[in-house]
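Down below is the structure, laid out as structure tokens.
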Amino acid sequence: MTIDRVVFAVAGSFILISLLLAHYHSELWLWFTAFVGANLLQSAFTGFCPMAIILKKLGVKPGSAF
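Numbering (the working numbering), first residue to last: 4 to 69.
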């Protein structure tokens, strides 16, 4: 898998998990969902993604976006 796919998979997983936690535990988990979405939006415009930097240092092969 490339960095792009790992970032999308992790972000999607975080969003789904936080929605489940918001439904069953506390609605405050929706702030985490908003944070993940905002980070995806800003990375689309700036190209800066902290997760991509970490994955690159771990040796995951680069994709076309990161």
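Positions of the beta carbon are idealized from the N, C-alpha and C atoms, including for glycine.
- Pairing L58 with Y27, the inter-Cα distance amounts to about 31 Å.
- Residue state for M54 is assigned as helix, using DSSP reduced to three classes.
- For L31, same chain residues with a beta-carbon under 8 Å away, outside a window of 5 residues either side, are A25 in chain order.
- Counting every other CB atom within 10 Å of its CB across the protein chains shown gives S16 a total below 16, marking it as exposed.
- When the alpha-carbon of W34 is set against those of A47, S46 and L19, the nearest one is in L19.
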